[in-house]
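Mapping of the sequence shown onto this note's numbering: residues 8 to 284, in sequence order.
Quick notes on the structure that follows.
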Amino acid sequence: MKAEDRGQMTICFTTPAILLRRVDYGDNDLILTFFSQTRGKISLIAKSARKSRKRFCGALDLFSVFDLVCSSGRGRLPVLQETSIKHPFCRIRSDFKKTAYACYFVEIINNWMEPDVSQPRVFDLLYQVLDRLDRNDLPDELLSIVFQMTLMIISGFSPNFSTCCHCHADMGCLNMCRIGINFAKGGLVCSACNAAVSPMITLSRGTIKQLQWMGCGNWNKIARARFSDQSIQESLGFLEAFVPYHLGKEPKSLSVLRQFRNEQNNRKVISSCPKSI
Ligand SMILES: [Zn+2]
8 MKAEDRGQMT ICFTTPAILL RRVDYGDNDL ILTFFSQTRG KISLIAKSAR KSRKRFCGAL
68 DLFSVFDLVC SSGRGRLPVL QETSIKHPFC RIRSDFKKTA YACYFVEIIN NWMEPDVSQP
128 RVFDLLYQVL DRLDRNDLPD ELLSIVFQMT LMIISGFSPN FSTCCHCHAD MGCLNMCRIG
188 INFAKGGLVC SACNAAVSPM ITLSRGTIKQ LQWMGCGNWN KIARARFSDQ SIQESLGFLE
248 AFVPYHLGKE PKSLSVLRQF RNEQNNRKVI SSCPKSI
């Protein structure tokens, strides 16, 4: 942008931000929803963004991180004036599974967050998880568990894994291999309370311990921990039901993710079958 143009423009704000959603508007414009570090979820209009890729220094791709410069516009939405890309997450984009997980993460944030409410811990969580997904720092499934568990804790929807949600018995004192969870009550159900409060899912004791670890917020601890495949699958099954339950709807990207994992599992089964002669 030329200096004289900048002089005539009212700079509203500048902020790092992750692109959550893009929608075509009119012939040439885009409505973009970002999750910003300083202002939480914000929607902006990017004028002529579809007419010229040069206008915003290249692609405005989902879940990329940008530095934004915005101004107050005549319309309802602030106007995006400049972008510089901080992180394009190229490795995520070259891998279908990583892309599916990243789309799931940004869809949850877009649906969960109130507009214009600063949430620096959630911004940091989303940035960290996308960055580690891009660097292949931890398995994709583990990152998804950490993301969902930590988001639930920050948002005040952390499942209660300590006591029965009905009679408040200490779960540490109960001798049960598998423990039920009621989503509406937000916690565990002991065997004595099964008739009064129906569990919607059951988890093994080991999986419950793993979920508590995953939400600890300490990446070094998470990286050192070793979890069984069964625990990871159980944790994903639980969180991909628990999070949409509290969100009030199922993210569209979740069905894509599930379909991809099912196809991957089927391929594994076929490749492990002995070939007929
Ligand atoms: Zn109970």
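Virtual Cβ for every residue (Gly too), placed ideally from N, Cα, C.
Quantities reported herein were computed from a predicted structural model and do not represent experimental measurements.
Looking at the DSSP output, ALA53 bridges to LEU37. LEU150 sits in a helix when the DSSP states are folded into three classes. Residue side-chain check: CYS180 keeps its Cβ at 8 angstroms or more from all non-hydrogen atoms of ligand 1. In the DSSP assignment, ARG28 is bridged to THR40. In this structure, DSSP gives PHE70 a state outside helix and strand, which the three-state scheme calls coil. Not one heavy atom of ligand 1 falls within 8 angstroms of the beta-carbon of ALA230. Linking HIS175 to ARG28 through their CA atoms gives a straight-line distance of about 42 angstroms. The Cβ-Cβ distance between SER50 and LEU84 falls below 9 angstroms. For SER91, the three-state secondary structure derived from DSSP is strand. The beta carbons of PHE245 and ILE208 sit closer together than 9 angstroms. For PHE168, the uninterrupted beta strand (DSSP E) run begins and ends at 167-171, by DSSP. Annotation for LEU181: no beta strand (DSSP E) segment contains it, and DSSP assigns it neither H nor E. Every residue with a CB closer than 6 angstroms to a heavy atom of ligand 1 is listed here in chain order: CYS171, HIS173, CYS174, ALA176, CYS197, ALA199 and CYS200. DSSP places THR209 in the uninterrupted beta strand (DSSP E) bounded by 208-211.
By the criterion of a C-beta distance shorter than 7 angstroms, ARG128 is surrounded in its chain by ILE161, once the five residues flanking it on both sides are discounted. Cβ contact annotation for VAL72 (same chain, cutoff 6 angstroms, sequence separation greater than five): ILE25, LYS93 and HIS94, in chain order.
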